[in-house]
């Protein structure tokens, strides 16, 4: 059973490090994206949250407001590149600028038996690449002009433990390796006041870690969860809220010297 931490977990400090800043988080209706959004709001950022589910987004916006900040829910199909760009522009227009972008949307499309190398469905390969890699391009392409205009920018792309290693499903792993390349290339090509980093979670209690779904690969949900937990030093599955402090740091002014980096919060995954 997975449960998201309450908004109070991210209680706003006396002086927020992100007061006055505006953030956009894609894939923010639940799990890691939700934790990122609440973490940013807890430091004073106004946050626009994007996903396909209006109900989930409204719950996150409620949490943002509970923390004393302002939120905006934008329902977007992130398989539509132009729609991502429009939503980012809409968020900037609503709040009067844009400082922080978390390209977090991702996951797995299709039956897992259709995603292994010998039997991979061609269309699903393209769709999984788009969901996990190309979406980050579209979000960044829309956000960068606003960041240049405002003189401040933090772009954080969500990678994976499989962004640096083999062992994952091929379309997902290829896309997440691509996120690392996108991050490093972009870091060279933006003004100094903008940083671009890749945040890599390990196994985390989210919808992506659907143990019943993963059971098809290893025999049972219990075996899937046990196998995942065994892959890191701490021998456990992390909770989404544990990822927020590092994500917030990458968004803050004091992270100005951190760019082009691949940073993991994963319990020591396959070290």
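In the numbering used here, the protein residues as written are 1468 to 1738.
We put the beta carbon where it would ideally sit given N, CA and C, even for glycine.
#### Entry: Whether residue 1608 touches residue 1643 by CB criterion (8 Å)
The residue you call residue 1608 lines up with position 141 of the chain shown. The residue you call residue 1643 lines up with position 176 of the chain shown. No, these two residues do not count as a Cβ contact at 8 Å.
### Query
Taking Cβ to Cβ, would you say residue 1680 is nearer than 8 Å to residue 1727?
For the purposes of this step, residue 1680 is taken as the residue at position 213 of the chain shown. For the purposes of this step, residue 1727 is taken as the residue at position 260 of the chain shown. The answer is no: Cβ separation not under 8 Å.
### Query
Where does residue 1583 sit, in a helix, a strand or coil, going by DSSP?
Position 116 of the chain shown, counting from 1, holds the residue named residue 1583. DSSP places residue 1583 in coil when its eight states are reduced to three.
### Query
Three-state secondary structure (DSSP) at residue 1622?
Taking the chain shown and counting its residues from 1, the one referred to as residue 1622 is at position 155. Strand, per DSSP.
### Query
DSSP on residue 1668, reduced to helix/strand/coil?
To locate residue 1668, count along the chain shown from 1; it is residue 201. Three-state result, residue 1668: strand.
### Task
Can you have a look at residue 1451 and say buried or exposed, based on whether 16 or more other CB atoms are within 10 angstroms of its CB?
Beyond the ends of the chain as shown, which are 1468 and 1738, falls residue 1451; an answer cannot be given.
### Task
Give the DSSP bridge partners of residue 1513, in chain order.
For the purposes of this step, residue 1513 is identified with residue 46 of the chain shown, where counting begins at 1. Looking at the DSSP assignment, residue 1513 forms a beta bridge with 1489.
#### Entry: Boundaries of the beta strand (DSSP E) in which residue 1448 is found, first to last residue
Since the first residue of the chain shown is 1468 and the last is 1738, residue 1448 is not available in this structure.
### Query
CB residue 1627 to CB residue 1596, shorter than 8 Å?
In the chain shown, residue 1627 corresponds to position 160, counting from 1. In the chain shown, residue 1596 corresponds to position 129, counting from 1. No. Outside cutoff.
### Task
For residue 1475, count neighbouring Cβ atoms within 10 angstroms of its own Cβ and tell me buried if that reaches 16, exposed if not.
If you number the chain shown from 1, residue 1475 lands on position 8. Its Cβ having fewer than 16 others within 10 Å, residue 1475 is exposed.
### Message
Does residue 1630 pass the burial test, meaning 16 or more other C-beta atoms within 10 Å, or should it be called exposed?
### Response
The residue you call residue 1630 lines up with position 163 of the chain shown. That one is buried.
### Message
Determine, for residue 1677, whether the minimum Cβ-Cβ distance to residues of chain C falls below 8 Å.
### Response
This model lacks chain C altogether; it includes just one protein chain.
### Query
Which first and last residues belong to the beta strand (DSSP E) in which residue 1732 is found?
Taking the chain shown and counting its residues from 1, one reaches residue 1732 at position 265. Element bounds for residue 1732: 1729-1732.
### Query
What are the residues that DSSP puts in a beta bridge with residue 1663?
Numbered from 1 along the chain shown, position 196 holds the residue referred to as residue 1663. In DSSP, residue 1663 forms a bridge with 1622.
### Message
Less than 6 Å between C-beta atoms, sequence neighbours within five positions excluded: which residues of the same chain meet that for residue 1469?
### Response
Here residue 1469 refers to the residue found at position 2 of the chain shown. Caution applies to residue 1469, whose pLDDT of 47 falls short of 50 and renders its modelled position unreliable; the model cannot decide the point.
### Query
Roughly how many whole angstroms lie between the Cα atoms of residue 1507 and residue 1653?
Taking the first residue of the chain shown as 1, we reach residue 1507 at position 40. Taking the first residue of the chain shown as 1, we reach residue 1653 at position 186. Those two C-alpha atoms are separated by around 23 Å.
### Query
Tell me the DSSP bridge mates of residue 1541?
Counted from its first residue, the chain shown places residue 1541 at position 74. Partner(s): 1517.
### Query
Applying the criterion that 16 or more other CB atoms from any shown protein chain within 10 Å of the CB defines a buried residue, is residue 1686 buried or exposed?
As a working mapping, residue 1686 is identified with position 219 in the chain shown. So residue 1686 counts as exposed.
### Message
Can you tell me whether residue 1522 is buried or exposed? The criterion is at least 16 other CB atoms within 10 Å of its CB, across all chains shown.
### Response
Indexing the chain shown from 1 puts residue 1522 at position 55. It is exposed - the Cβ of residue 1522 has fewer than 16 other Cβ atoms within 10 Å.
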